[in-house]
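Peer 1: Quick note: the sequence shown uses the working numbering, first residue 6, plus one each step. Dropping the structure in here first, questions after.
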Amino acid sequence: AENLAFNVLSRWPGIVSLAYYREKQREVDFVVTLGGGKYLAVEVKYRRRLDDFAGLHAFMDQYPQSYGLIVGRESAASLDPRQITMPLHHFLLAFD
């Protein structure tokens, strides 16, 4: 699932860079730099239960201009207005 997400993200037009985030025990799979100090943090969790987003939340706290995208097996609700959750198959269709 992470390889599929990377292949899609690496072909986005207009991105400045594609990296990852790791600090202490927290990490984010992909960080898309959009320019102007704006980032999209992408966490891929291809399993039934979506949990453990400490890395994503730490990144979003450190970079207030950022947004989070969780790509999972199924869709789940998110109470954070800066965070979107979508299933992998929608991500592949929407951004390919």
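Note that CB positions come from ideal geometry on N, CA and C, so glycine has one too. Given the structure is predicted, the values throughout are model-derived calculations rather than measurements.
To the nearest angstrom, how far is the alpha carbon of Asp34 from that of Tyr25?
Peer 2: Translated into positions along the sequence shown, residue 34 becomes position 29. Translated into positions along the sequence shown, residue 25 becomes position 20. About 5 Å.
Peer 1: In or out: Val21 buried (at least 16 other Cβ within 10 Å) or exposed?
Peer 2: One-based indexing of the sequence shown puts residue 21 at position 16. With fewer than 16 Cβ atoms within 10 Å of its Cβ, Val21 is classed as exposed.
Peer 1: Compute the distance between the beta-carbons of Leu14 and Val47, then report whether it is under 9 Å.
Peer 2: On the sequence shown, position 9 is the one that residue 14 refers to. On the sequence shown, position 42 is the one that residue 47 refers to. Yes, Cβ-Cβ distance for Leu14 and Val47 is below 9 Å.
Peer 1: Could you give the first and the last residue of the continuous alpha helix (DSSP H) run that contains Asp66?
Peer 2: In the sequence shown, the residue the question calls residue 66 occupies position 61. Where Asp66 is concerned, the enclosing alpha helix (DSSP H) stretches over 59-67.
Peer 1: Considering just the uninterrupted stretch of the beta strand (DSSP E) at Ala10, what are its terminal residues?
Peer 2: Your numbering for residue 10 matches position 5 in the sequence shown. Here Ala10 belongs to no beta strand (DSSP E); instead the alpha helix (DSSP H) covers 7-14.
Peer 1: Cβ of Ser80 within 9 Å of Cβ of His62?
Peer 2: Position 75 of the sequence shown holds residue 80. Position 57 of the sequence shown holds residue 62. No, the pair does not count as a contact, with Cβ atoms beyond the cut-off.
Peer 1: Thinking Leu9 and Leu97 are a contact (beta carbons under 8 Å), I'd like their distance in whole angstroms, please.
Peer 2: Locating residue 9 in the sequence shown gives position 4, where the first residue counts as 1. Locating residue 97 in the sequence shown gives position 92, where the first residue counts as 1. At roughly 6 Å, the Cβ-Cβ gap stays under 8 Å, so Leu9 and Leu97 are in contact.
Peer 1: Can you tell me which of the three DSSP states Leu98 falls into?
Peer 2: One-based indexing of the sequence shown puts residue 98 at position 93. Helix.
Peer 1: Measure the alpha-carbon distance for Arg78 versus Lys50 and round it to whole angstroms.
Peer 2: By 1-based counting over the sequence shown, the position of residue 78 is 73. By 1-based counting over the sequence shown, the position of residue 50 is 45. Their backbone Cα atoms lie some 7 Å apart in a straight line.
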